[in-house]
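Scroll down for the structure; my scribbles are underneath it.
Protein chains: 2
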Amino acid sequence: MSRPVVSYSDGHVYAFDPDMTPIHTAADGESLTVKTADSLEGAVQTESDLLEEIPEEVNAATGPIAVEGAEPGDVLAVEIEAVRLREDQGRVVTAPGFGLLQNHEEIEHPSTRITPVGDRHILFGDIRLPVEPVIGTIGVATAKETIATLIPHDHGGNLDTTDMTAGTTAYFPVFQEGAMLAMGDAKATMADGEMCGTGAEIGVEIDLTVSVVTDSPVDLRRPLVQTGEAVKTIASAETLEAACKQATEDLSRLLAQEHEMSLTDAYMLSSLTGGLQISQVVDPLVTVRCGVPGEHLPNPLKA
Amino acid sequence: MSRPVVSYSDGHVYAFDPDMTPIHTAADGESLTVKTADSLEGAVQTESDLLEEIPEEVNAATGPIAVEGAEPGDVLAVEIEAVRLREDQGRVVTAPGFGLLQNHEEIEHPSTRITPVGDRHILFGDIRLPVEPVIGTIGVATAKETIATLIPHDHGGNLDTTDMTAGTTAYFPVFQEGAMLAMGDAKATMADGEMCGTGAEIGVEIDLTVSVVTDSPVDLRRPLVQTGEAVKTIASAETLEAACKQATEDLSRLLAQEHEMSLTDAYMLSSLTGGLQISQVVDPLVTVRCGVPGEHLPNPLKA
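So, in structure tokens, the structure goes:
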């Protein structure tokens with residue numbers, strides 16, 4: 009097998025920006041394996057390792073990977089085939105000034121719990137939780153800004169979206185030549201919301217296939233996921249309300265195009281099936297998604 | 009069969025308040041059928057029936073039903089056994105000043121779509137959507153305030169939560185003698201978020217069993233649902249962020265009690281499985297829920 013492997017040790021970034029230098033160049037349609045470090049890069053290995061603050065550099069994203077032929081205006085499709093844990097334990101942490109209940113007087117900040125990995129499960133104390141990996145940070149070079157890997161936005165980044173896992177194809181707008189894909193910040197499992205600020209953070213290896221959609225009739229401005237069951241727009245904003253509005257408008261536009269209906273009808277249809285889901289409520293911008301069962305958007309990027 | 013039937017025509021309310029007069033008194037453990045009108049009480053029957061504004065009285069809730077023995081401090085358990093459609097069509101509407109995208113210039117307010125009911129599906133144009141009924145408004149007499157049936161709060165009310173359907177047991181804090189249960193505003197199907205402001209609004213009949221939990225070790229302050237798969241706290245607030253905080257804290261307290269762990273550990277556990285879900289983003293207060301798979305809270309009201 010000649011599947012290329014791109015590792016954290018080959019190169020990683022702490023920000024997405026317009027001018028990224030690739031550590032690997034993939035052919036359009038190439039299948040490769042990406043190895044990532046946990047979001048804290050090994051700094052937390054026991055329950056005595058406490059995080060007094062979120063490090064300035066966090067969520068190291070392995071890459072970037074240039075994809076041949078990707079030009080601004082194209083769409084990058086990332087088919088996620090498998091996500092395997094690379095460590096025998098993960099970690100869940102709270103840290104001062106971080107997390108949904110950061111000001112709750114009965115909740116300790118910092119605190120750390122180590123989550124040993126068993127056979128298809130992890131342990132939180134004596135509670136078994138199934139391994140359901142999530143790629144927390146995944147994105148491409150931005151149009152103009154430099155955006156730290158802690159932050160989600162239209163380029164992807166710290167989306168912390170549980171759908172970002174095996175079986176999903178993620179679509180990103182291409183803002184720069186080569187797209188410049190990078191990813192990291194995986195979890196062995198994570199709740200929608202990621203309320204305490206982390207899931208069970210862990211290094212993983214990801215099998216994926218990258219391809220360029222050059223003739224998308226959809227003006228894709230933000231990430232989109234196609235899971236085995238649903239198609240979902242993803243939007244990040246300062247408030248959940250603003251993110252909900254953007255994700256709903258984006259989904260309604262896709263439905264209107266697919267079904268040749270008015271935006272009003274598409275909006276009403278969006279209120280009947282699927283709907284809004286919370287991705288995360290703890291990053292500098294918060295993230296939601298808005299979806300419908302896949303049968304209503306069978307091929308979201310084709311007219 | 010002597011199952012009592014309580015109908016919209018027997019009595020209905022447009023507000024939950026502390027001093028409600030029952031139209032039926034149920035024994036503790038009684039099984040009954042409740043018939044509701046659609047949220048617009050028949051005013052919208054064709055696509056020419058447009059809603060220029062939300063009526064002052066909306067979401068008529070059939071009831072209230074007193075439950076014998078329910079006293080302030082108890083918990084009312086409502087086991088929802090079946091929800092059947094009573095009409096051969098539902099309706100989806102937008103109205104000026106209402107809905108998530110009410111200020112979007114390309115979306116028409118008002119607009120109406122009629123959704124005919126078929127065999128286990130409804131039609132939106134030529135799109136088939138499975139019938140998945142939701143009881144939009146369900147609640148009990150309040151502690152002090154008068155709260156219109158358009159508004160959700162700690163007594164329940166307009167929760168617009170897709171889990172409020174057959175197979176779920178809903179728990180409400182009892183604030184007044186007899187609890188005074190009332191419900192209406194059902195939908196044939198509804199997306200999480202109810203973005204345009206409605207689902208497919210329709211009259212239904214609901215089979216349910218009411219019972220009083222007198223010795224709850226949990227100080228239940230807001231509604232809670234136990235579905236076939238999960239246990240979820242429900243919280244309503246002025247912003248989604250505030251509702252997320254409340255629902256997460258409430259769930260963390262239940263987990264801490266069940267597993268005899270610190271609130272910090274329970275909060276970290278809540279970030280690993282299940283998580284936050286949006287109920288609705290369109291009512292005067294918005295509603296979210298926070299859940300875990302049922303195995304982690306097998307009996308949420310027993311110590």
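So the protein lines, in turn, are chains D and F. Numbering-wise (the numbering used here), the first sequence opens with residue 9 and increments by one. Numbering-wise (the numbering used here), the second sequence opens with residue 9 and increments by one. Beta carbons: idealized from backbone N, C-alpha and C, even for Gly. This one's a predicted model, so the numbers in the text were calculated from it and none came from an experiment.
Taking C-beta pairs closer than 7 angstroms, name the residues in chain F that K253 (chain D) reaches, listed in chain order. Numbered from its first residue, the first sequence carries residue 253 (chain D) at position 245. The answer, in chain order, is L108, L109.
Neighbour list for M269 (chain F) in chain D, Cβ cutoff strictly below 8 angstroms: Along the second sequence, one-based indexing puts residue 269 (chain F) at 261. Here the neighbours are G133.
Cβ neighbour criterion (16 or more within 10 Å) applied to A140 (chain D): Taking the first residue of the first sequence as 1, we reach residue 140 (chain D) at position 132. Position check: residue 140 (chain D) holds Glu in this sequence, whereas Ala was assumed. Label assigned to E140 (chain D): buried.
If I follow the unbroken alpha helix (DSSP H) through E76 (chain F), where does it start and stop? Position 68 of the second sequence holds residue 76 (chain F). Neither: E76 (chain F) is in no alpha helix (DSSP H) and is coded neither H nor E.
Roughly how many angstroms separate the alpha carbons of D162 (chain D) and L40 (chain D), rounded to a whole number? Position 154 of the first sequence holds residue 162 (chain D). Position 32 of the first sequence holds residue 40 (chain D). Spanning the two alpha carbons is a distance of roughly 24 angstroms.
Should V100 (chain F) be flagged as near chain D, meaning a C-beta pair shorter than 8 angstroms? As a first step, residue 100 (chain F) must be located in the second sequence, where it is residue number 92. Cβ-Cβ to chain D under 8 angstroms: yes for V100 (chain F).
Can you list, in chain order, the residues of its chain whose CB lies under 7 angstroms from that of E79 (chain D), leaving out five sequence neighbours each side? Mapped onto the first sequence, residue 79 (chain D) falls at position 71. Same-chain partners within the cutoff: V182, E185.
Per-residue burial, V13 (chain F) [other beta carbons within 10 Å of its own, 16 or more giving buried]: Within the second sequence, residue 13 (chain F) is the residue found at index 5, counting from 1. By the 10 Å Cβ count, V13 (chain F) comes out exposed.
Using a Cβ cut-off of 8 angstroms (strictly closer), state whether M188 (chain F) contacts chain A. Protein chains in the displayed structure are D and F, and chain A is not among them.
What first and last residue would you give for the beta strand (DSSP E) that runs through M198 (chain D)? Residue numbering aside, residue 198 (chain D) sits at position 190 when the first sequence is read from its first letter. Element bounds for M198 (chain D): n/a, residue is neither H nor E.
Using a Cβ-Cβ cut-off of less than 8 angstroms, list which residues of the stretch 270 to 290 of chain F approach chain D; keep chain order. S270, L271, T272, D273, Y275, M276, L277, S278, S279, L280, T281, G282, G283, L284, Q285, I286, V289
Taking one C-beta from the stretch 69 to 88 of chain D and one from the stretch 250 to 262 of chain D each time, how about it: are there three or more such pairs within less than 8 angstroms? no
Look up Q288 (chain F) in the DSSP assignment and give the residues it is bridged to. For the purposes of this step, residue 288 (chain F) is taken as the residue at position 280 of the second sequence. BP columns for Q288 (chain F) point to F:G201, F:T295.
Using CA coordinates, which residue listed in D:T123, D:P138, D:A51, D:R121 is at the minimum distance from H129 (chain D)? Sequence index remark: in the first sequence, residue 129 (chain D) carries index 121 (1-based). Minimum Cα distance to H129 (chain D) is reached at D:P138.
Quick check: the Cα distance between L262 (chain D) and L305 (chain D), rounded to an integer number of angstroms? In the first sequence, counting from the first residue as 1, residue 262 (chain D) sits at position 254. In the first sequence, counting from the first residue as 1, residue 305 (chain D) sits at position 297. Approximately 8 angstroms, taken between the alpha carbons.
From the DSSP output, in three-state form, read off G98 (chain D) for me. Position 90 of the first sequence, counted from the first residue, corresponds to residue 98 (chain D). The answer is strand: DSSP assigns G98 (chain D) an E or B state.
Pull up the DSSP beta-bridge partners for E213 (chain D), would you. By 1-based counting over the first sequence, the position of residue 213 (chain D) is 205. DSSP lists D:K43, D:R92 as partners of E213 (chain D).
Quick one: grab the DSSP three-state call for R261 (chain F). Taking the first residue of the second sequence as position 1, residue 261 (chain F) is located at position 253. DSSP places R261 (chain F) in helix when its eight states are reduced to three.
Is the stretch 60 to 71 of chain D touching the stretch 232 to 245 of chain D, taking contact as three or more C-beta pairs under 8 angstroms? no
Contacts that D200 (chain D) makes with chain F (C-beta to C-beta distance below 7 angstroms): Your numbering for residue 200 (chain D) matches position 192 in the first sequence. Going along chain F in sequence order, the residues near D200 (chain D) (Cβ under 7 angstroms) are G283, L284, Q285.
Within this structure, are the beta carbons of F106 (chain F) and V296 (chain F) separated by less than 8 angstroms? Your numbering for residue 106 (chain F) matches position 98 in the second sequence. Your numbering for residue 296 (chain F) matches position 288 in the second sequence. Cβ atoms of F106 (chain F) and V296 (chain F): not closer than 8 angstroms.
Do A208 (chain D) and T123 (chain D) count as a contact pair if the criterion is CB distance below 8 angstroms? For the purposes of this step, residue 123 (chain D) is taken as residue 115 along the first sequence, with counting starting at 1. For the purposes of this step, residue 208 (chain D) is taken as residue 200 along the first sequence, with counting starting at 1. In contact: T123 (chain D) and A208 (chain D) (Cβ atoms closer than 8 angstroms).
Which partner residues of S119 (chain F) appear in the DSSP bridge assignment? Sequence index remark: in the second sequence, residue 119 (chain F) carries index 111 (1-based). For S119 (chain F), which the question treats as bridged, DSSP gives the partners F:T102.
Can you grab the Cα-Cα spacing for the pair L108 (chain F) / P292 (chain F), in whole Å? As a first step, residue 108 (chain F) is located in the second sequence; it is residue number 100 there, counting from the start. As a first step, residue 292 (chain F) is located in the second sequence; it is residue number 284 there, counting from the start. Cα to Cα, the separation comes out at about 11 angstroms.
Determine the DSSP secondary structure at K253 (chain D), reduced to helix, strand or coil. By one-based count along the first sequence, residue 253 (chain D) stands at place 245. Reduced to three states, the DSSP call for K253 (chain D) is helix.
Kindly list the residues whose CB is nearer than 6 angstroms to the CB of H7 (chain F), restricted to its own chain and excluding five residues on each side of it in sequence; keep chain order. In the structure as shown, chain F begins at 9 and stops at 311. Residue 7 (chain F) is therefore absent and cannot be evaluated.
Anything in the stretch 221 to 244 of chain D with a Cβ closer than 7 angstroms to a Cβ of chain F? List those residues in chain order, please. none
If we cut at 8 angstroms on Cβ distances, does H112 (chain F) have a partner in chain D? As a working mapping, residue 112 (chain F) is identified with position 104 in the second sequence. It does; some Cβ of chain D falls within 8 angstroms.
Around the Cβ of N307 (chain F), are there at least 16 other Cβ atoms within 10 angstroms (buried) or fewer (exposed)? Your numbering for residue 307 (chain F) matches position 299 in the second sequence. Under this definition N307 (chain F) is an exposed residue.
What are the residues that DSSP puts in a beta bridge with H129 (chain D)? Within the first sequence, the letter at position 121 stands for residue 129 (chain D). BP columns for H129 (chain D) point to D:P138.
For D25 (chain F) and I210 (chain F), believed in contact at Cβ under 8 angstroms, the rounded distance: Taking the first residue of the second sequence as position 1, residue 210 (chain F) is located at position 202. Taking the first residue of the second sequence as position 1, residue 25 (chain F) is located at position 17. No, I210 (chain F) and D25 (chain F) are not in contact; Cβ-Cβ is about 27 angstroms, not under 8 angstroms.
Using a Cβ-Cβ distance cut-off of 8 angstroms, determine whether A311 (chain D) contacts chain F. For the purposes of this step, residue 311 (chain D) is taken as residue 303 along the first sequence, with counting starting at 1. Bear in mind that a pLDDT of 45 at A311 (chain D), under 50, signals an unreliable position, so the number given afterwards is only what the model happens to contain. Not closer than 8 angstroms to any Cβ of chain F, the Cβ of A311 (chain D) fails to qualify, so no.
Any beta carbon from chain D within less than 8 angstroms of H304 (chain F)'s own beta carbon? If you number the second sequence from 1, residue 304 (chain F) lands on position 296. Judged by the 8 angstroms Cβ criterion, H304 (chain F) is in contact with chain D.
For R136 (chain D), collect the residues of the same chain with a Cβ closer than 8 angstroms to its Cβ; drop the 5 residues on either side in sequence, then sort them by chain order. Sequence index remark: in the first sequence, residue 136 (chain D) carries index 128 (1-based). These residues qualify, in order along the chain: G126, H129, I130.
Taking C-beta pairs closer than 8 angstroms, name the residues in chain F that E79 (chain D) reaches, listed in chain order. Position 71 of the first sequence holds residue 79 (chain D). Within 8 angstroms Cβ-Cβ: nothing; E79 (chain D) doesn't reach chain F, min ~29 angstroms.
At the level of alpha carbons, what is the spacing between G165 (chain D) and E95 (chain F)? Your numbering for residue 165 (chain D) matches position 157 in the first sequence. Your numbering for residue 95 (chain F) matches position 87 in the second sequence. Taking the straight line joining both Cα atoms gives about 47 angstroms.
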